[in-house]
Ligand SMILES: Cc1cc2nc3c(=O)[nH]c(=O)nc-3n(C[C@H](O)[C@H](O)[C@H](O)COP(=O)(O)OP(=O)(O)OC[C@H]3O[C@@H](n4cnc5c(N)ncnc54)[C@H](O)[C@@H]3O)c2cc1C
């Protein structure tokens, strides 16, 4: 069996892993990224603020759909269209996007291989075994960044509890077009979550979430009826996948750092995960570069903890019942609320002032 020795091993080549590998390579570290399937297409809306491209200096030449507005639809059918001002949203194709991120990591000097993690031994030197198309190989490293998603094998090999999740079902419908990201609320089709219609570069992705994987497909059927659109749902085109529910717990086990979905780092309430996966990959890389793994948690908490906590409060309040979801749509009809939300969402403003104003605004409506 071939054995590779590197400074850092990154398991999983989605947004978290590819960003971590890129940053480590840029800092001159010997890094190997191993991805189970280099042509993987993650089931995902692919929605993100355009500012992500600028912040991570990503090339603009991949296909994407520009989103002109966001629509919220209440359980009773009240529709609120919010024009995107002071920022922009786009949806990308995840196969193309993830490939691009890995290509950048590779250009900067990371070794990118295909293989599935099939064995792991922790310790001062980590030993990992992968199974690839041509058989098994071993990688020895001083650090491991676990970015292998919501079903993390690294967690499993270390005997850690899996990430909590909401189960989603989604499908692409080529016959429809929209330039709006639509969020539909209602216990009938999305109890404790929301259903969505997102534009893709071709067609739309329609999906819904459920705490019960067994009833998720029925929820999607009910949502399609609710949309009142004559769309046939082909069973083989429907994909089920988990979105982590953040609980703020796991960051690291000694020299093994968890980033992105493997650490449950998806924003509560909006369930936006791509940007946060990329940032956590970046923070994980920085902490390894500085030789201070404990820095990772500090960086993450300093930047995101208040935001995640507040959004978790909103999630438990507004997803509680249809009456609460009605209230949510009403609150967002307030122009000041819309401006603050767009600054936090589309520009990813770091300033605590914007978050505090946002919290205060909500306070006015909730009390
Ligand atoms: C239906 C759905 C819609 C979503 N829509 C949006 C959206 O519109 N906007 C948004 O921001 N977020 C969205 N999300 C969330 C977003 O997809 C994730 O938060 C994001 O992909 C997390 O990135 P990651 O790199 O941590 O994990 P992932 O993107 O899941 O990447 C993990 C990688 O690890 C690899 N891997 C897994 N196991 C192994 C193994 N044993 N060995 C080697 N490699 C392995 C996988 O193949 C995968 O490439 C959505 C999620 C779902 C399920």
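Numbering (this note's numbering), first residue to last: 1 to 367. Virtual Cβ for every residue (Gly too), placed ideally from N, Cα, C.
Residues of its chain near residue i, where Cβ-Cβ distance is below 7 Å and the 5 sequence neighbours each way are ignored
i           : result
residue 27  : 289
residue 62  : 92, 96, 97 and 100
residue 192 : 211 and 319
residue 344 : 354, 355 and 358
residue 74  : 185, 325, 326 and 329
Span separating the alpha-carbon of residue i from that of residue j
i           : j           : result
residue 156 : residue 85  : 44 Å
residue 64  : residue 48  : 10 Å
residue 50  : residue 354 : 19 Å
residue 340 : residue 72  : 16 Å
residue 264 : residue 161 : 12 Å
residue 337 : residue 78  : 18 Å
residue 55  : residue 347 : 10 Å
residue 210 : residue 260 : 21 Å
residue 146 : residue 224 : 37 Å
residue 127 : residue 295 : 23 Å
residue 201 : residue 143 : 38 Å
residue 5   : residue 243 : 33 Å
residue 283 : residue 3   : 28 Å
residue 372 : residue 342 : With the chain running from 1 to 367 in the structure shown, residue 372 is simply not present.
residue 9   : residue 60  : 29 Å
residue 306 : residue 281 : 19 Å
residue 301 : residue 327 : 30 Å
residue 322 : residue 330 : 12 Å
residue 360 : residue 88  : 25 Å
residue 228 : residue 237 : 20 Å
residue 116 : residue 214 : 28 Å
residue 175 : residue 218 : 21 Å
residue 177 : residue 134 : 42 Å
DSSP state of residue i mapped onto helix, strand, coil
i           : result
residue 45  : coil
residue 286 : helix
residue 275 : helix
residue 38  : coil
residue 90  : strand
residue 140 : strand
residue 19  : helix
residue 244 : strand
residue 208 : strand
residue 270 : coil
residue 121 : strand
residue 81  : strand
residue 377 : The chain is shown from 1 up to 367; residue 377 falls before or after that span and cannot be answered.
residue 66  : strand
residue 337 : helix
residue 302 : helix
residue 25  : helix
residue 357 : helix
residue 362 : helix
Same chain, Cβ closer than 6 Å to residue i, five either side skipped, listed in chain order
i           : result
residue 104 : 22
residue 81  : 69 and 71
residue 107 : none
residue 163 : 150, 244 and 264
residue 18  : 101, 102 and 105
Close beta carbons around residue i, own chain, < 8 Å, minus the five adjacent residues each side
i           : result
residue 222 : 188 and 189
residue 239 : 43, 169, 170 and 171
residue 246 : 264, 265, 266, 267, 268, 308 and 312
residue 58  : 52, 100, 101 and 104
residue 350 : 303
residue 257 : 143, 144, 145, 146, 251, 284, 287, 288, 293 and 296
residue 136 : 1, 118, 129 and 130
residue 299 : 283, 286 and 287
residue 121 : 127 and 128
residue 253 : 122, 158 and 160
Reference residue i; option with closest CA among the options
i           : options               : result
residue 149 : 40, 59 and 143        : 40
residue 365 : 345, 343, 332 and 342 : 332
residue 226 : 134, 194 and 90       : 194
residue 140 : 37, 255 and 299       : 255
residue 166 : 299, 208, 220 and 125 : 208
residue 183 : 325, 137 and 298      : 325
residue 315 : 287, 362, 6 and 175   : 362
residue 173 : 60, 203 and 24        : 203
residue 37  : 132, 88, 121 and 253  : 132
residue 179 : 122, 117, 18 and 83   : 83
residue 198 : 181, 186 and 185      : 181
residue 1   : 75, 206, 129 and 46   : 129
residue 66  : 46, 75, 76 and 74     : 46
residue 123 : 158, 228, 115 and 262 : 158
residue 262 : 94, 152, 25 and 138   : 152
residue 24  : 352, 310, 335 and 291 : 291
residue 7   : 90, 125 and 278       : 125
Pair every Cβ in the segment 9-19 with every Cβ in the segment 259-275, then say whether three or more of these pairs are closer than 8 Å.
-> By the Cβ test, the segment 9-19 is in contact with the segment 259-275, since at least three Cβ pairs between them sit closer than 8 Å.
Hey, is the segment 32-42 in contact with the segment 109-129, meaning 3+ C-beta pairs nearer than 8 Å?
-> yes
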